[in-house]
Amino acid sequence: MSPLSPQCFRLQWFSGDPIRFTCMEVDYSDTPLGRSRAGAVWLFFFSRVLDLVDTVFFVLRKKDSQVTFLHVYHHTAVVMFAWLAVKFVPGGHGVFFGTINCFIHVVMYSYYSLTLYNPEYKNVWWKKYLTQIQMMQFVAVGLHAILALLTPNCNYPKSLIIIALPQDIFMFVLFADFYRKTYMKPATSGKASQPIKTKTS
Numbered sequence: 021m022s023p024l025s026p027q028c029f030r031l032q033w034f035s036g037d038p039i040r041f042t043c044m045e046v047d048y049s050d051t052p053l054g055r056s057r058a059g060a061v062w063l064f065f066f067s068r069v070l071d072l073v074d075t076v077f078f079v080l081r082k083k084d085s086q087v088t089f090l091h092v093y094h095h096t097a098v099v100m101f102a103w104l105a106v107k108f109v110p111g112g113h114g115v116f117f118g119t120i121n122c123f124i125h126v127v128m129y130s131y132y133s134l135t136l137y138n139p140e141y142k143n144v145w146w147k148k149y150l151t152q153i154q155m156m157q158f159v160a161v162g163l164h165a166i167l168a169l170l171t172p173n174c175n176y177p178k179s180l181i182i183i184a185l186p187q188d189i190f191m192f193v194l195f196a197d198f199y200r201k202t203y204m205k206p207a208t209s210g211k212a213s214q215p216i217k218t219k220t221s
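Using our numbering, read the sequence shown as starting at 21 and increasing by one per residue.
Right, here's the structure in full:
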């Protein structure tokens with residue numbers, strides 16, 4: 021899964037059509053730019069299907085500690101909206117979310133790679149910032165969607181934005197709740213945090 025996110029980010033960010041906060045119309049033309057955008061959206065959809073399959077394996081293996089409502093809902097909802105994008109709007113305003121999300125997954129999989137190298141990195145001090153940038157993602161995407169709604173003559177389907185915007189808000193609430201429960205617990209007396217040990221030859 022991890023190699024797909026950098027490729028997805030590269031295709032969307034370096035497509036030749038810069039990401040904008042103003043209305044980004046869907047390019048349905050059979051041109052290099054149109055095909056590049058559509059290919060990036062398809063790749064994003066495929067990468068999120070793999071994330072969902074990963075979740076299914078967690079369920080089958082009874083990894084209850086890793087299968088939360090947030091985990092299942094997030095991966096299911098993203099696949100559904102990515103399919104809608106592939107089917108009806110392969111590009112345009114929705115590319116903003118795909119680009120940010122792919123970048124965040126690059127950062128996340130880099131962290132996961134570190135934990136494979138040394139499991140003690142699971143408790144690294146900056147882990148909470150991964151959740152923070154995910155929350156910031158939903159704020160940015162929400163503002164981006166509202167700007168499209170307020171832009172006259174924008175050909176990006178406003179009905180899709182109206183459906184997606186409440187989901188964006190709901191996802192922010194879920195991630196904020198996870199952050200509060202995980203990183204804002206009352207301090208407990210006892211062991212002080214230990215420095216991360218690095219491997220030696």
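Beta carbons are placed, not taken as given, at the ideal position from N, Cα and C, and that holds for glycine.
Simplified DSSP assignment, three categories, for residue i
i	result
S179	helix
F41	coil
Y48	coil
R68	helix
M186	The question names Met, yet the displayed sequence has Pro at residue 186. Correct three-state label for P186: helix.
I205	Residue identity check: residue 205 is Lys in the sequence provided, not Ile. Looking at K205 - three-state DSSP - the assignment turns out to be coil, as it is neither helix nor strand.
G59	helix
Residue i and residue j closer than 8 Å at C-beta
i	j	result
V99	R68	yes
H113	A60	no
A196	F101	no
I124	Q154	yes
Y203	K148	yes
A165	G111	no
L90	F198	yes
L180	V109	yes
T119	I39	yes
V127	L150	yes
Proximal residues to residue i (C-beta, below 6 Å), its chain only, five neighbours per side dropped
i	result
A105	V61, G114
H95	D71, L72, T75
L194	L90
Other residues of its chain near residue i: CB distance less than 8 Å, five sequence neighbours each side excluded
i	result
F65	V99, A102, W103, A105, V106
T135	Y141, K142
Close beta carbons around residue i, own chain, < 7 Å, minus the five adjacent residues each side
i	result
Y48	G54
K178	L169
L163	none
A97	Q187
**Touch test, the stretch 130 to 144 against the stretch 65 to 77, Cβ-Cβ under 8 Å, three pairs minimum** = no
**Prompt:** Are three or more beta carbon pairs between the stretch 142 to 160 and the stretch 188 to 207 nearer than 8 Å?
**Reply:** yes
**Message:** Does the contact criterion of 3 or more C-beta pairs under 8 Å hold for the stretch 38 to 58 versus the stretch 173 to 182?
**Reply:** As far as the Cβ criterion goes, the stretch 38 to 58 touches the stretch 173 to 182, which means the pair count is three or higher.
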